Structure formats: C-alpha cells, structure tokens
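Structure first, then comments.
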Amino acid sequence: MGSTPTPLRLAILEADTPLPGIDARYKGYHGVFTHLFTRAAAPAPLSSLLTLSRHHVVDDVTAYPSLDAIDAVLITGSKHSAFRDDEWITALVEFTRKALIDLRIRVVGICFGHQIVARAMGVPVRRSDAGWEISVTETRLSEKGCELFGKETLKIQQMHRDQALGVPAGAELLASTDKCPNHGFIVPGRVITVQGHPEFTDDIMQEILETRHATGLFSDDLFQSGMDRRADEQDGVLMARVFLKFLQEPPAPPPELHKY
C-alpha cells in the first residue's frame, strides 16, 4: 500500500480585515478562503489536500511564515492599493519576490494579491482611468485561460479600480475585459493570479456594496448595477478547483523568474 500524501502547506497572507459582518461569519479572509477551498475540494475533505495557516501582514512585517515551513502562499485582496509604498506593502512585495525565486514555493495572487505579484515581477500597478469593476462580471479567457479552465469565459466577482499594467516576462495572460486587459496570468508550476474574487459570495459582495455606497464611494447607479448582478451565477468554485490542481503540481520554475 502507498503512503498517504502529505497535505500541501498553504500560507494565507491576509492583506486586509473583512467588513464586520463578513468577519463575524467567516473569521477573517483565512476563513473566507477556507470556505472556498472546502467547496472546491468536495467530496474529499480539505484537510486531505491542504493545511491553511493564517498570516495577517498589514502593518506587521514580522507576520510572515518561514519559506522552509510552507509549500505555497496565497495573497488576498485588500482595500489598500498595491502601488503604494507603505512599509508593510513594500515588505509584502519583497517577501513575494523571495517566494518567487524559491524553487519549491508556488504563489497565488487574488485581486490586490494579483497586483502585488505583478509588481514583484516588475510590472507597474496604477489606478485605472476606466473606473471600477464590481460584482459578477464576465471575463474573456485567452487561449491559455481556455485550456486551463475548460471554457471561453469566466464570470467572477469583481471589486477593483487598480490594475497591473501588463503581463510579467515569462508569464502567460489568462483573461481580460474591456476595462482591464490583465485579469490574471500564469507561470506554469510557479505562479497563478486573478484580478477577480473567486472567494466572494453574494452576501460578501452585498456588504461591500452597501458599505461603499453609504460612504459615498459608490454612486447610486454604480451601487444598483452591482446589487443587480451580485447573486448571478459565477465560477469561483471552478477557479478554486483549478488552483487546487495547480498547487498539487510539482513546481517548475523557469529561468526568467530568477531575475526578480
């Protein structure tokens, strides 16, 4: 009989604290991603595939795990801007660079995390002139994206107005929209990122929309557009299954990553 595979050690780098209702339900973004990966792993128990550790890195440059103690990192979304030079953001970019050149570590970036990975790989990140993308939005998949996800488009929750201004050297584009040409990229065996939020459910999206509308950040029209689409069918669990498959594959770093 063969031995039971050891679950992969995935460090969740929390780049924000959820809004109060979301935090109460899920216990941080670690809980939000546990909820996503549990559904993606079913009917197998998540614990047979992954062990998830929690590292809240905002304003704490000591929160990072030792790379020797993990197999992969996932950088979450955030209300903060990945192009800023706050101490904790530049520390996150530097940690990401170290993870990228480690021959064992795989890197997953979600929204803000996608932008942090792009920045660590030499791509500028900026506020978009096209404005917000919010709620369930259809993205067009590239040839590589179609191969990876098994379809031509993905519907995914969005909450961003910043974007990475290009695809890093050595990476392949996964998806795009008219507002955001780079909706994710992959370096097989090493890095996968998405601009959207596969982890967001309609209740999470609703609280964010309501909060940002109440503070005046979202206009009435933008808010209503997001509310109308927040519960549309979306492909978050499918995307998480692709992430799980990616994480289980042996790392295969290309030479291009060594310069970052």
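The sequence shown begins at 16 in this note's numbering and counts up by one. Just so you know, even glycine gets a beta-carbon here, dropped at the ideal spot from N, CA and C. Computed from a predicted structure; not experimentally measured.
Within 7 angstroms, strictly: CB atoms of residue i and residue j
i: Ala-55; j: Leu-259; result: yes
i: Ile-171; j: Gly-128; result: no
i: Val-132; j: Thr-105; result: no
i: Glu-109; j: Gly-204; result: no
i: Leu-34; j: Thr-226; result: yes
i: Ala-30; j: Ser-93; result: yes
i: Arg-69; j: His-45; result: yes
i: Ala-26; j: Val-123; result: no
i: Gly-241; j: Ile-149; result: yes
i: Val-140; j: Ala-97; result: yes
i: Phe-3; j: Val-257; result: There is simply no residue 3 to check, as the chain begins at 16 and stops at 275 in what is shown.
i: Glu-214; j: Leu-28; result: no
i: Thr-192; j: Thr-230; result: no
i: Asp-250; j: Leu-169; result: yes
Through-space distance from residue j to residue i, alpha-carbon basis
i: Ala-246; j: Val-151; result: 8 angstroms
i: Gln-130; j: Thr-21; result: 31 angstroms
i: Ser-143; j: Gly-137; result: 18 angstroms
i: Pro-270; j: Arg-121; result: Any reading at Pro-270 is ruled out, since the residue's pLDDT is 47, under 50, leaving its predicted position unreliable.
i: Pro-60; j: Ala-255; result: 14 angstroms
i: Cys-195; j: Gln-178; result: 7 angstroms
i: Asp-243; j: Leu-118; result: 44 angstroms
i: Leu-253; j: Leu-64; result: 16 angstroms
i: Leu-156; j: Glu-102; result: 35 angstroms
i: Ile-85; j: Ala-145; result: 38 angstroms
i: Phe-183; j: Cys-126; result: The amino acid at residue 183 is misidentified as Phe; the sequence shows Pro. Near 16 angstroms, if we compare the C-alpha coordinates of Cys-126 and Pro-183.
i: Thr-49; j: Leu-67; result: 8 angstroms
i: Val-73; j: Asp-218; result: 24 angstroms
i: Gly-43; j: His-228; result: 22 angstroms
i: Thr-32; j: Asp-38; result: 7 angstroms
i: Trp-147; j: His-95; result: 14 angstroms
i: Leu-82; j: Arg-176; result: 31 angstroms
i: Ser-234; j: Gln-173; result: 17 angstroms
i: Thr-77; j: Gln-221; result: 33 angstroms
i: Glu-248; j: His-71; result: 31 angstroms
i: Val-47; j: Tyr-41; result: 6 angstroms
i: Gln-36; j: Leu-224; result: Per the sequence shown, residue 36 should be read as Gly rather than Gln. Gly-36 and Leu-224: Cα-Cα distance of roughly 13 angstroms.
i: Asp-236; j: His-198; result: 24 angstroms
i: Pro-80; j: Arg-134; result: 21 angstroms
i: Ser-62; j: Cys-161; result: 29 angstroms
i: Leu-180; j: Gln-239; result: 29 angstroms
Cβ-Cβ separation, residue j to residue i (assumed contact under 8 angstroms), whole Å
i: Leu-188; j: Lys-166; result: The pair is not a contact, with the Cβ atoms about 16 angstroms apart (cut-off 8 angstroms).
i: Val-209; j: Leu-115; result: About 17 angstroms; that fails the 8 angstroms criterion.
For residue i: DSSP bridge partner residues
i: His-71; result: Glu-29
i: Asp-177; result: Arg-142
i: Leu-169; result: Thr-154
i: Thr-66; result: Arg-24
i: Leu-262; result: DSSP output for Leu-262 lists no bridge partner at all.
7 angstroms Cβ cutoff, residue i in contact with chain D
i: Phe-52; result: The chain labelled as chain D is not found in the depicted structure, where only one protein chain is given.
Query - Residue ranges of each beta strand (DSSP E) within the stretch 191-260, 3 or longer - result: Listed in chain order, they are 199-202, 206-209.
Report task. Please go through the stretch 82-156 and give each complete alpha helix (DSSP H) segment of 4 or more residues, from N-terminal end onward. Result -> Those alpha helix (DSSP H) runs which fall completely within the stretch 82-156 and span 4+ residues are 102-116, 127-135.
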